[in-house]
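Which chain is which? The protein sequence lines are A and B, in order. Position 94, counted from 1, in the first sequence is what the numbering used here calls 472; the numbers after and before it change by one each time, with no gaps. Position 69, counted from 1, in the second sequence is what the numbering used here calls 121; the numbers after and before it change by one each time, with no gaps.
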Amino acid sequence: DSGVTQTPKHLITATGQRVTLRCSPRSGDLSVYWYQQSLDQGLQFLIQYYNGEERAKGNILERFSAQQFPDLHSELNLSSLELGDSALYFCASSVAPDSYEQYFGPGTRLTVT
Amino acid sequence: GENVEQHPSTLSVQEGDSAVIKCTYSDSASNYFPWYKQELGKGPQLIIDIRSNVGEKKDQRIAVTLNKTAKHFSLHITETQPEDSAVYFCAASGPNSGYALNFGKGTSLLVTP
Numbered sequence: 379d380s381g382v383t384q385t386p387k388h389l390i391t392a393t394g395q396r397v398t399l400r401c402s403p404r405s406g407d408l409s410v411y412w413y414q415q416s417l418d419q420g421l422q423f424l425i426q427y428y429n430g431e432e433r434a435k436g437n438i439l440e441r442f443s444a445q446q447f448p449d450l451h452s453e454l455n456l457s458s459l460e461l462g463d464s465a466l467y468f469c470a471s472s473v474a475p476d477s478y479e480q481y482f483g484p485g486t487r488l489t490v491t
Numbered sequence: 053g054e055n056v057e058q059h060p061s062t063l064s065v066q067e068g069d070s071a072v073i074k075c076t077y078s079d080s081a082s083n084y085f086p087w088y089k090q091e092l093g094k095g096p097q098l099i100i101d102i103r104s105n106v107g108e109k110k111d112q113r114i115a116v117t118l119n120k121t122a123k124h125f126s127l128h129i130t131e132t133q134p135e136d137s138a139v140y141f142c143a144a145s146g147p148n149s150g151y152a153l154n155f156g157k158g159t160s161l162l163v164t165p
C-alpha cells in the first residue's frame, strides 16, 4: 500500500458525460501528478500540482482539468467524454515537485460506453 | 520532449534464471531513472531507482545500471521467482519534463516454475 488513495475504483459512464476522479496524496506529500494508462498510449503524464498550484502540463486534453485543494487532495475532471477516454487514471504523489520519488495510487478504471 | 524506449515487450524465464530489461532515453538532461512493477489490477509500484551521478545500484535480487554516455539503463533481476511475474516499466525524469515521469511501454515478465 503506497498511502495514495483514489476514488472511485471503477466508473462507467456514457459518451458526452462529465466525471470527477479524486485523489488523496500520501501524508506529508505536497505534490500530486495525474497519469493516464491505455493500451495504445501506455502510461502518459497529464498534469502536476504542488501546494495548490499547477506546476507542469503533459498530454492533457482541453476537455480535462484538475485542481488541488487546501487539504492537498486533488480532483481530475473529465468532460464531454468520448469512447477513447476509457482508460486507467492514476494519481501519484511526491514530497515536493522536484523530489523524484513518485508513489502511485491504485487507480480509477474509467469505461465510457 | 523525452522519449523512452523499452525492450523486450515480453520476457519469459524459468524460475531461478535472471531477467534483464533495457531502456534508452533521448533527453540528456534527464537525471532520474526509476523502475516500476505493476501487477494486475494495481497501480505501479516503485521497486528501484537510480540517479545520474551513480552507475549501478542494487537491492537484494534487483539491480539497475546506467550508462549516461549511451543514454541507456537496465533492470536486472536475479534468481527469479513466480511472484516476480508482472509488467515492469522504466521511466526517465528531469528538469526538462518538470520532473514528471516519461515511461517506456512496459515489459511483461513471466516466470514459470
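Every residue gets a Cβ at the ideal spot worked out from N, C-alpha and C, and that includes glycine.
Kindly indicate the opening and closing residues of the beta strand (DSSP E) around PRO86 of chain B. Counting along the chain, the unbroken beta strand (DSSP E) around PRO86 of chain B starts and ends at 84–90.
So that I know if they touch, is there some Cβ in chain B lying closer than 9 Å to that of VAL382 of chain A? yes
Is the beta carbon of SER64 of chain B less than 9 Å from the beta carbon of THR130 of chain B? no
Closer than 9 Å by beta-carbon distance: list the chain A residues that pair up with SER168 of chain B, in chain order. Lying before the first or after the last residue shown, residue 168 of chain B is absent from chain B, which here runs from 53 to 165.
Per the contact definition of three or more C-beta pairs closer than 8 Å, is the region 454–469 of chain A in contact with the region 405–413 of chain A? yes
Using a Cβ-Cβ distance under 9 Å, would PHE442 of chain A count as near chain B? no
Residue interval of the beta strand (DSSP E) (run including ASN55 of chain B): Here ASN55 of chain B belongs to no beta strand (DSSP E), and DSSP marks it neither H nor E.
Closer than 7 Å between beta carbons: that is the criterion. Which residues of the region 119–152 of chain B meet it against chain A? PHE141, SER145, GLY150, TYR151, ALA152
Between which residues of its own chain and PHE155 of chain B is the CB-CB distance below 6 Å, once the five residues before and five after are set aside? PHE141, ALA143
Beta-ladder partner(s) of ASN154 of chain B, from DSSP: B:ALA144
When you compare the region 448–466 of chain A with the region 391–407 of chain A, are there three or more beta-carbon pairs, one atom per stretch, that lie closer than 8 Å? yes
In chain B, what lies closer than 8 Å to TYR411 of chain A by C-beta? ALA152, LEU153
Where the region 77–109 of chain B meets chain A: residues whose CB sits under 9 Å from a CB there: So the list reads ASN83, TYR84, PRO86, TYR88, GLN90, GLY93, LYS94, GLY95, PRO96, GLN97, LEU98, ASP101, ARG103, given in the order they occur along the chain.
Let me check understanding here. Comparing Cα to Cα, which of A:GLN384, A:LEU408, A:ASP407 lies closest to THR398 of chain A? A:GLN384
Is LEU118 of chain B helix, strand or coil when you go by DSSP? strand
Members of the region 417–450 of chain A that neighbour chain B once the beta carbon cut-off is set at 7 Å: GLY420, LEU421, PHE423, GLN426, ARG433, ALA434, GLY436
Counting Cβ pairs, one atom from each stretch, are 3 or more of them under 8 Å apart for the region 95–104 of chain B and the region 470–485 of chain A? yes
Let's test the definition: count the other Cβ atoms within 10 Å of the Cβ of GLU432 of chain A and tell me whether it reaches 16, buried, or not, exposed. GLU432 of chain A comes out exposed.
Starting from LYS110 of chain B, trace the beta strand (DSSP E) in both directions and tell me its first and last residue. 108–111
Alpha carbon of ARG113 of chain B to alpha carbon of GLN133 of chain B, nearest angstrom: 10 Å
Distance, CYS401 of chain A Cα to GLY158 of chain B Cα: 24 Å
Using a Cβ-Cβ cutoff of less than 7 Å, which residues in the same chain neighbour ILE438 of chain A once the five nearest sequence positions on both sides are dropped? Counting only Cβ-Cβ distances below 7 Å, and skipping sequence neighbours, we find LEU424, ILE425.
Taking the straight line between their C-alpha atoms, what separation do you get for GLU67 of chain B and TYR77 of chain B? 30 Å
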